[in-house]
Amino acid sequence: MKLSYSREAISDLIRLREFIATKNPEAAQKIAKSIRQGITQLKSFPYLGVEIELAPDPAMIRDLIVTNDAKLSHPNG
15 MKLSYSREAI
25 SDLIRLREFI
35 ATKNPEAAQK
45 IAKSIRQGIT
55 QLKSFPYLGV
65 EIELAPDPAM
75 IRDLIVTNDA
85 KLSHPNG
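Numbering (this note's numbering), first residue to last: 15 to 91.
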């Protein structure tokens, strides 16, 4: 299976990592790694995740939830 990334997705991933890195560079690396690993799983399990019902082709576009052990804290929380 071939995975393709939209320009918007690539931009979002870069912005997310940069945003997190301003507060916690180590967490940014861990989160980026978790996201890459989750995406890589799609090659073997293309129906992993939750269908996006509002997508043009819900069976082909999924929400993939990735987790890790990085903790992010909000300064007010």
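Cβ atoms here follow ideal geometry from the backbone N, Cα and C, with glycine treated the same way.
In this chain, the alpha helix (DSSP H) harbouring residue 44 covers 39-58. Annotated as distal: residue 50 and residue 62, with beta-carbon spacing of 8 Å or more. In the three-state DSSP reduction, residue 26 falls in the helix class (H, G or I). It is roughly 15 Å from the alpha-carbon of residue 81 to the alpha-carbon of residue 30. Partner residues in the beta bridge of residue 65, as assigned by DSSP, are 76. In the structure shown, residue 36 falls within a helical segment according to DSSP collapsed to helix, strand and coil.
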